[in-house]
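Read the structure below first, then the notes.
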Amino acid sequence: MKSNHSLVKSFRFAFDGLKVTFVRGRNFRIQVALGTLAVILGVLFKISDFDWVDLILIIAAVLILELLNTSIEAIVDIVSPEIQEKAKIAKDVSAAAVLIASFAAIVIGAIFFLPKILSFL
Numbered sequence: 149m150k151s152n153h154s155l156v157k158s159f160r161f162a163f164d165g166l167k168v169t170f171v172r173g174r175n176f177r178i179q180v181a182l183g184t185l186a187v188i189l190g191v192l193f194k195i196s197d198f199d200w201v202d203l204i205l206i207i208a209a210v211l212i213l214e215l216l217n218t219s220i221e222a223i224v225d226i227v228s229p230e231i232q233e234k235a236k237i238a239k240d241v242s243a244a245a246v247l248i249a250s251f252a253a254i255v256i257g258a259i260f261f262l263p264k265i266l267s268f269l
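Numbering (the numbering used here), first residue to last: 149 to 269.
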């Protein structure tokens, strides 16, 4: 099946999605800021290549899940603008996925950086 969009147009759509999520999504901005902080700490503390892989994967997981959560919420709001039990479940479950990934990111960040920060102090 042939796509009707050029590769450049497809990338533009993806960047539009990032932009709208960043502008409208407070949680996404917070997650980007914390991911950026983790990268800065990784550079400052010269973490290992394996730690970089783990760090990048967990940051990406949180951001990807937030993008999916935002997408699910937008679709549910269109399909079911009035509050319904199943619509609420869909929104709550997608938010829970982000919450679990965020908690995992906090734990991983603490494992990576807390000993380094404490030894620095």
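For each residue, glycine too, the CB sits at the ideal point set by N, CA and C.
Take the Cβ of I206 as the centre, count every other Cβ of all protein chains shown within 10 Å, and call the residue buried at 16 or more, exposed below.
If you number the sequence shown from 1, residue 206 lands on position 58. Result: buried.
Sub-8 Å separation of V168 and L213 beta-carbons:
Within the sequence shown, numbered from 1, the residue matching residue 168 stands at position 20. Within the sequence shown, numbered from 1, the residue matching residue 213 stands at position 65. No, these two residues do not count as a Cβ contact at 8 Å.
Own chain, CB closer than 8 Å to I220, minus 5 neighbours either side, in chain order:
The count along the sequence shown starts at 1 and reaches residue 220 at position 72. The answer, listed in chain order, is A238, K239 and S242.
When we look at the beta-carbon of L211 and count the other beta-carbons within 10 Å, is it buried (16 or more) or exposed?
Taking the sequence shown and counting its residues from 1, the one referred to as residue 211 is at position 63. It counts as buried.
Cβ-based burial, T184 [other Cβ within 10 Å; buried from 16]:
As a working note, residue 184 is residue 36 in the sequence shown. Label assigned to T184: exposed.
By Cβ distance, which residues of its chain are closer than 7 Å to A258, with the 5 residues on each side in sequence left out?
Counting from one through the sequence shown, the residue named residue 258 turns up at place 110. Within the same chain, A258 has no close Cβ partners at all.
Cα separation between G190 and A181?
Residue numbering aside, residue 190 sits at position 42 when the sequence shown is read from its first letter. Residue numbering aside, residue 181 sits at position 33 when the sequence shown is read from its first letter. Answer to the nearest angstrom: the Cα atoms are 14 Å apart.
How would you label L266, buried or exposed, when you count the other beta carbons within 10 angstroms and need 16 or more for buried?
Start at 1 with the first residue of the sequence shown, and residue 266 comes out as number 118. Looking at its Cβ environment, which holds fewer than 16 other Cβ atoms inside 10 Å, L266 is exposed.
Segment limits, alpha helix (DSSP H) that includes N175
Stepping through the sequence shown from its first residue, residue 175 is reached at position 27. Per DSSP, N175 belongs to the alpha helix (DSSP H) from R174 to L192.
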